[in-house]
């Protein structure tokens, strides 16, 4: 009788999705598996930022990615937390110090790479591998160019100009939008 019910059952419409999610959840609950194993309940602000590549950027690219971020939402939330203008100045100082830390780390990494390259150049030159030595010298030149660019960016940061000015402007814009939101909510 069940076979005929399945084939000729015209009373119930058949659907492609047969509440598989509910069945899986029900089966998991029956087997004693807690819901948090399958469902991640976190605030979207706690999630890590989505990057375009699987690897974290390094060197000068890491600095550029910091400078290219939009800091409006950070400024907005800082304004909602403390709407005093000194809080905005402190937020900008924090951003400036964060990028300076990145710069110091990356320059240190570049300096280590240069020392490694110099050591390899000495060893390979003694072995007579001139082509490889030339390649290493080109790599060292590229690193030196990046270090000079980083030092230019650092000067811009110290003067609140250039690329860092975008960071300041986006943070201030967000902070001011937060102040506007506070004012509108108080007027309503």
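In my numbering, the protein residues as written are 701 to 888.
Even glycine gets a Cβ: it sits at the ideal position worked out from N, Cα and C.
Keep in mind it's a predicted model, so treat the numbers as computed, not measured.
If only complete runs of 3 or more residues are kept, the region 813-885 shows no beta strand (DSSP E) anywhere. Distance from residue 776 to residue 874 at the Cβ level is roughly 4 Å; contact confirmed, criterion being Cβ atoms closer than 8 Å.
By the CB criterion at 8 Å, residue 868 and residue 779 fall outside the cutoff. If you look at residue 779, you'll find it in the alpha helix (DSSP H) that goes 772-781. Here DSSP, grouped into helix, strand and coil, assigns residue 758 to coil.
Segment contact: the region 813-825 against the region 850-865, fewer than three CB-CB distances shorter than 8 Å; contact not assigned. Per DSSP, reduced to three states, the secondary structure at residue 789 is helical.
Taking C-beta separations shorter than 6 Å and ignoring five residues to either side along the sequence, residue 888 has no partners in its chain.
For the 8 Å CB-CB criterion, residue 846 and residue 759 form a contact. By the 16-neighbour rule on beta-carbons within 10 angstroms, residue 880 is exposed. For residue 839, the CB contacts under 7 Å within the same chain, skipping 5 residues up- and downstream, are 817 in chain order. Put simply, the backbone Cα of residue 805 is about 43 Å away from that of residue 884. A direct Cα-Cα distance of roughly 8 Å separates residue 756 from residue 762. Looking at the backbone, the Cα of residue 784 and that of residue 810 are separated by about 40 Å. Distance from the Cα of residue 878 is smallest, within the candidate group 767, 768, 788, for 788.
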